[in-house]
Structures are given as structure tokens and as C-alpha cells.
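If you're matching positions, the sequence shown starts at 2 in this note's numbering and goes up one per residue. Even glycine gets a Cβ: it sits at the ideal position worked out from N, Cα and C. Here's the structure we're looking at; comments come further down.
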Amino acid sequence: MLLLTFGIFELVIGNMGMNPAEFLLPCAGLIILVHYIYYLERKAGISNKLIWIRALALMTVLAVGAYIAY
């Protein structure tokens, strides 16, 4: 799962300077993947606090990347 997240994140970074339509599809895939990982972690018993801290860190990285790109 972690490798998939990094792969989609690499696609997002690689498409930042291009057409916005090409930027949105990897972002949508990342959102779906993160939601599925959240579901699996919740099912495995990992604490919500740790899950949300990591989710906020990921959102911050994406927001900073989008700000730098545009």
C-alpha cells in the first residue's frame, strides 16, 4: 500500500506543470487509495490519532506542492 501511495504521489508531482485535467486524475486516485488504506488501518485496530496525523501530513505536502506548481 505504501508503494502505491508513493507511485501515485510521484505521478502527481510529475504532472504538476502540465494540463490541470492530467493533474486531477492522479489526485482522485490518491484520495481513493488513502480512503481505502484508512479503512484497512481502522479495521486492523490502529489508533485514529495516528491515522489522522499522517493524513494531515499528506494533505499538507500536497497543498504545498500544488502551491509551488501554480
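Check: Looking at the structure shown, is Y71 part of a helix, part of a strand, or coil, going by DSSP?
Finding: coil
Margin query: According to DSSP, is I54 part of a helix, a strand, or is it coil?
Written below: helix
Check: For G46, does the three-state DSSP call read helix, strand or coil?
Finding: coil
Item checked: Test item: CB-CB of I54 and Y39 under 7 Å -> Contact: no.
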